[in-house]
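Protein chains: 2
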Amino acid sequence: MAEDSTTTEPPALAVDVAALTEVLDGHYAEIRRTVRTLLPAYASVLEDAEEMSRADFRERVKEVVLEIAGTGSAAMGFPEEYGGGGDIGASIAAFETLAYGDLSVLVKVGVQFGLFGGALLQLGTQRHHDAYLADVVSGRLLGCFAMTETGHGSNVQALGTVATYDPATAEFVVTTPTEDAGKDYIGNAAAHARVAVVFAQLEVGGERHGVHALVVPLRDEAGAPLPGVRIGDDGAKMGLNGVDNGRIWFDGVRVPREALLNRFADVTEDGTYVSDIESPGRRFFTMLGTLVQGRVSVGAAGVSAAKVALTIAVRYALQRRQFETGTGDEGEEQLLLDYGLHQRRLLPRVARTYALHFAQQVLASRLHDVFSGITTDEESRRLLESRAAGTKALATWLATDVIQECREACGGAGYLAVNRFAALKADTDVFTTFEGDNHVLLQLVGKGLLTDYASDFSDLDQLGMVRFVAGLAVDTVLERSRAHQLLEQIRDVLPGGGDSWDTDSGLRDPSYHLAMFRFREEHRIGGVARRLKSGVDAGMNAGEVFSRVQDHVIAAARAHVERLVLEAFVDQVEALDDGEVKATLNAVCDLYALSEIEADAAWFIEHGRLGVQRSKAITREVGDLCRRLRPVARELVDGFAVPDALLRAPALVGGQA
Amino acid sequence: MAEDSTTTEPPALAVDVAALTEVLDGHYAEIRRTVRTLLPAYASVLEDAEEMSRADFRERVKEVVLEIAGTGSAAMGFPEEYGGGGDIGASIAAFETLAYGDLSVLVKVGVQFGLFGGALLQLGTQRHHDAYLADVVSGRLLGCFAMTETGHGSNVQALGTVATYDPATAEFVVTTPTEDAGKDYIGNAAAHARVAVVFAQLEVGGERHGVHALVVPLRDEAGAPLPGVRIGDDGAKMGLNGVDNGRIWFDGVRVPREALLNRFADVTEDGTYVSDIESPGRRFFTMLGTLVQGRVSVGAAGVSAAKVALTIAVRYALQRRQFETGTGDEGEEQLLLDYGLHQRRLLPRVARTYALHFAQQVLASRLHDVFSGITTDEESRRLLESRAAGTKALATWLATDVIQECREACGGAGYLAVNRFAALKADTDVFTTFEGDNHVLLQLVGKGLLTDYASDFSDLDQLGMVRFVAGLAVDTVLERSRAHQLLEQIRDVLPGGGDSWDTDSGLRDPSYHLAMFRFREEHRIGGVARRLKSGVDAGMNAGEVFSRVQDHVIAAARAHVERLVLEAFVDQVEALDDGEVKATLNAVCDLYALSEIEADAAWFIEHGRLGVQRSKAITREVGDLCRRLRPVARELVDGFAVPDALLRAPALVGGQA
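Line by line, the protein sequences give chains A and B. All the letters of the first sequence, read from the start, carry residue numbers 1 to 657 under the UniProt record's numbering. All the letters of the second sequence, read from the start, carry residue numbers 1 to 657 under the UniProt record's numbering.
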């Protein structure tokens, strides 16, 4: 049955661009349209990025950020009483759309409104909101988010900066104890921030209480560093040179007690530390958790950058001809996209970008629900954090991969700055490591899976996780994993009544794809649990066990997130009314799912869920799907609705700009 | 037997850096040392690249190129009578070593001495040599190589520029017929070249004779374009902004008859076209073939760039600590390279870089032999061209992949320009598409394999290839393929006497690796032949057949080149005396071979040459090899002998600079 699907040729696809855009825009179509209308006015920033000196470009980007702040599009997520839009979901949609333009502008928006403003909003209380938020939203007060240090990036709990409470003056004394504990890579720090939210080890009465955040002024009105504050410039970066990243060292800088962002913990005037959350680890992760919007935003930006690259590369492949066609028209060369290899290079990436787009929309809606108080349970919050971490990793790797392939697919033309790939590539490169290194993020996802988001999860470092899981039966780990339950459900609806779903299903049956993704996730999680147990049983220390099992943890986490992505896509397609859009997106979804299975075919074969003949059939099916989608390739990328003015390179993309 | 190899732990590895460097340096140790000694004086160019304006940086790079020309290191490949070194192999070794430094300098050296000078040397005759070479070698005459046009990159035979012979004045009239036929992306054209070697359709007496090269002056002594010459600037590029790439259009520019580079074809004064090579296609490919050194050089540069990136990333991973170790030392964090995943990310890439290094050395020595007249047969020349094309593709993709992974493995620090990844990534990006797009090059390799480098190979375009192969029996194609013969040989020496070599060999037996690589190559070629035949038999036109089979052609070509790479590595290791270096490189070679088999495991399983258990054992073995090589990781990268001054980033690499 399965292999038959390649021989019964379905009808040719056709689809309307506007209808695709409508589906992609979803609930937040209006704010997306607003930002798309706004962006062409700033298209010249794309040129400025390559022609201006770094200093001038930083000023230019600052101006644009302030102008955008003036339109209200940058602060959709803040409460209305401070001038915000009061809609978190809309703020993500706006940010995602802004990412079609220059990415220095985007990241500076992210630093000011997401990181700096977001920390004040989420970690501060009324006194901080009243003091700062209106000025943050309007752009009158520029600030930065000073967490990372030269010596500590991923392991934030081990930061070196110290804030010691002095009860004599009711002040905190902020100090950088070593050169290596200087804040580093801090956006807005080198030139524009007047204030910083500084993360430091809180010390009260000689006792350490873990990392907390405080508001620390950096510069006076004239822009000069305040006493005790030393600021360095990170200088030229691979990209994003419109953002002034810098370093900050504090030498006994005093701030009032009220500078502590005290939503989760406070220090009384007499020097008593108080917090409703007892465990320092959980307290810290609760604080971090409120900053999840940053990860959601970076993932969204990665998907948008991939869309821009694909729009350029697909349009180019539909106008560039190369070598003869062999169809008999002597001398006529063939369009690049009519070459099988070119289809194979671009179309599965279009499909994957659609998949990540829909996964981002689900994520953004969960974020909205949790942070708007629509869902209030602790579990939803933990699942959101895990989903945000995992989706950010996949979406930013997507950007790196797609932009690179698109650049190469445009040949030498792709290397010229005017065709956008240079900036796209350089600017997005850091996405895979900022707001959490992708591998570290997937490790967090893996821990959550293995411990079923245990309530003491946040306290578990990687070694704690090893010991925790090793103490459980493998079955327990698996039973706790939701993938297991999901797999049971899917077996019931698939042909063969359950056990032969992997051989009897049609290759284009979404239930088959889901079952494969779920099987992989469940099996990967079980494999990690088994390995952790056997390592500990064999007498290895927890660090060594973790080191050896680490790539399996990452693989399990990837499998989990990939399953969430597929579910988001399948759900989206199923919800559509029958018609051209549904038929097209069905094929796009099939291409995404089968490409992913194909890429991991060795694993599926090794684990008994893919026969050799079926594996070969999947490879053929991927080729067939590429040919099937070829006639709507232009519509698929135009559906992303990247404004023509932002594509630059009129020669490359068919005179659209 | 096979799986046992994982349980018998071999002795710990130790190795001397200098001894590794000696092996890597090989025959051309002296010129490599010379260039390594020279380079630190120009380390400041790396900073200039990010701090200077584009115009200033172009001038700076020009100065450095002229200074290097003064040392003689840039023109080792030219005859001694014109001031060259008279040693082609040495010229590649010098270029490869120069690639440790700024890559704008390197590429400008390549344009001047490789492309421009190389075309004069290889396509011209005595009169051109006498007229130009001494000035080219000294740098007194800067030139460019004007082949690519806006409208035609890969399909050079279809260039639009025309050179029409005018017997009345015994001149050629060079014309750009359409805007799209303007020369484009031409290095040295925007600012510095006074002369160009221009590729144009030669028209004599109303008849076209295909693409030929002529020397055409571009600028006067003061640098102003000559009458009829219009020059544009390609502007900002992703990288290599020290090279002035530009566009050139010709409006009836007249050059004397002697301007034709007439080694392979000439036009007599009365307007008669004469050539010893009858077929226009073969004539053209013969001309192109003489330019193979460019591809060898780009591949060499790709490997060098990968070495720089790995040196930085491995040293960083050996000083950066992150999270606790679990070994009991409270608070002590673990070195990045002691994490299993980090080993998995970096060490197989170190191994692959060693593999490509040795493959490049074999290639360079073949180039030397053919171009120094040591081997003179036509077949060696064709095999050289194929090997150069394929190695260039693999080596430049290696660079892209390795630099990206190393950047990510250095986190935010990797994003700062001071740590070299920014420039490495941006500068090398174009390597995958210049001097031949990698996919197009692999197609050429594939054609050669399928037609056994048939004497009329050069005349066959992709459609001719389809028809040619479709006309042969699959067995004929296979018998002609050398992989088949090689496979027969290897079966004789492997356990099981032949048929069970893929199950009975030890996983670390190089004969097993070779047999796997050769089997894959043979089977891939056979598969393409079968597909071509069945497509044509089914009545598809040749263009459609090619489009559908294209990715299989590329896969067959990759398999072929990968086999050549493994053979080069295995041969190199076998030639060493027993000892630490051999033991270490043996493990590195195993890691390269097994990582490659692991990456293609689905294919091997699908084609009956890898069982599921053995596939899993290979994955374990790769992990074991990473752990085994971990203690010598620093030595492995230090063996590349990248001068410390060029690593910049003292903080990142342990204060070496």
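Just so it is clear, CB atoms sit at the ideal spot from N, CA and C, and this is done for glycine as well.
Per DSSP, which one or two residues make a beta bridge with residue i?
| i | result |
| --- | --- |
| Ala213/B | Phe199/B |
| Tyr132/A | None; Tyr132/A has no bridge partner. |
| residue 678/A | What the structure shows of chain A is the stretch from 1 to 657, and residue 678/A is not part of that stretch, so it cannot be assessed. |
| residue 660/B | No answer is possible for residue 660/B: the residues shown for chain B start at 1 and end at 657. |
| Lys183/B | Glu149/B, Ile248/B |
| Tyr165/A | Phe172/A |
| Arg321/B | Leu335/B |
| Tyr453/A | DSSP, once it has assigned bridges, lists no residue as partnering Tyr453/A. |
Kindly indicate the opening and closing residues of the beta strand (DSSP E) around residue i.
| i | result |
| --- | --- |
| Gln334/A | 333-335 |
| Asp266/A | 265-267 |
| Tyr512/A | Segment 510-537 is the alpha helix (DSSP H) holding Tyr512/A; no beta strand (DSSP E) there. |
| Tyr273/A | 273-275 |
| Arg387/A | Note, Arg387/A: premise wrong, no beta strand (DSSP E); alpha helix (DSSP H) at 378-409. |
On a Cα-Cα basis, can you pick out the residue from the options that is closest to residue i?
| i | options | result |
| --- | --- | --- |
| Ala359/B | Leu133/B, Ser73/B, Asp571/B, Gly153/B | Asp571/B |
| Ala388/A | Leu106/A, Ala602/A, Arg558/A | Arg558/A |
| Leu103/A | Ala90/A, Glu80/A, Ala49/A | Ala49/A |
| Val296/A | Gln613/A, Arg247/A, Lys392/A | Lys392/A |
| residue 658/A | Gly239/A, Ala146/A, Leu260/A | This structure cannot settle anything about residue 658/A, because the visible part of chain A is limited to 1 through 657. |
| Asp251/B | Cys589/B, Pro227/B, Arg627/B | Pro227/B |
| Asp234/B | Gly223/B, Ile248/B, Gly83/B | Ile248/B |
| Gln361/A | Ser380/A, Ala90/A, Arg58/A, Val156/A | Ala90/A |
| Thr504/B | Val111/B, Leu576/B, Arg614/B, Glu408/B | Position check: residue 504/B holds Asp in this sequence, whereas Thr was assumed. Asp504/B has its Cα closest to that of Arg614/B, out of Val111/B, Leu576/B, Arg614/B, Glu408/B. |
| Met465/A | Ser547/A, Leu424/A, Gly414/A | Ser547/A |
Would you say residue i and residue j are within 7 Å of each other, going by their C-beta atoms?
| i | j | result |
| --- | --- | --- |
| Ala309/B | Cys406/B | yes |
| residue 664/B | Tyr100/B | No answer is possible for residue 664/B: the residues shown for chain B start at 1 and end at 657. |
| Val136/A | Gly117/A | yes |
| Gln550/B | Leu341/A | yes |
| Val229/A | Leu159/A | no |
| Leu24/B | Thr584/B | no |
| Leu218/B | Ala191/B | no |
| Thr311/A | Val642/A | yes |
| Val204/A | Val267/A | yes |
| Ala351/A | Val588/A | yes |
| Arg518/A | Leu566/A | no |
Just curious, the alpha helix (DSSP H) that residue i is in, first and last residue?
| i | result |
| --- | --- |
| Arg33/B | 29-38 |
| Glu580/A | 580-599 |
| Pro11/B | Premise fails: Pro11/B is in no alpha helix (DSSP H) and is neither H nor E. |
| Pro256/B | First-last for Pro256/B: 253-256, but that is the beta strand (DSSP E), not the alpha helix (DSSP H). |
| Thr619/B | 612-629 |
| Ala75/A | No alpha helix (DSSP H) holds Ala75/A; DSSP gives it neither H nor E. |
| Gln122/A | 117-123 |
Along chain A, in chain order, which residues have C-beta atoms closer than 7 Å to that of residue i?
| i | result |
| --- | --- |
| Ile554/B | Leu341 |
| Ser547/B | Asp338, Tyr339, Gly340 |
| His439/B | Leu341 |
| Lys616/B | Glu606 |
What does residue i reach in chain B if we use C-beta pairs closer than 9 Å?
| i | result |
| --- | --- |
| His560/A | Simply none; closest approach about 17 Å. |
| Phe434/A | Gly411, Gly412, Tyr415 |
For a contact meaning CB atoms closer than 7 Å, what does residue i contact in chain B?
| i | result |
| --- | --- |
| Phe421/A | Met238 |
| Leu494/A | Here the premise fails: no neighbours, minimum Cβ distance about 23 Å. |
| Asp234/A | Leu416 |
| Val612/A | Ile605, Glu606 |
Using the beta-carbon of each residue, which ones in chain B are nearer than 8 Å to residue i?
| i | result |
| --- | --- |
| Arg208/A | Those do not exist, as Arg208/A stays about 12 Å from chain B at its closest Cβ, beyond 8 Å. |
Could you confirm whether any beta carbon from chain E is found closer than 7 Å to the beta carbon of residue i?
| i | result |
| --- | --- |
| Lys108/B | Chain labels in this structure do not include chain E; the protein chains are A and B. |
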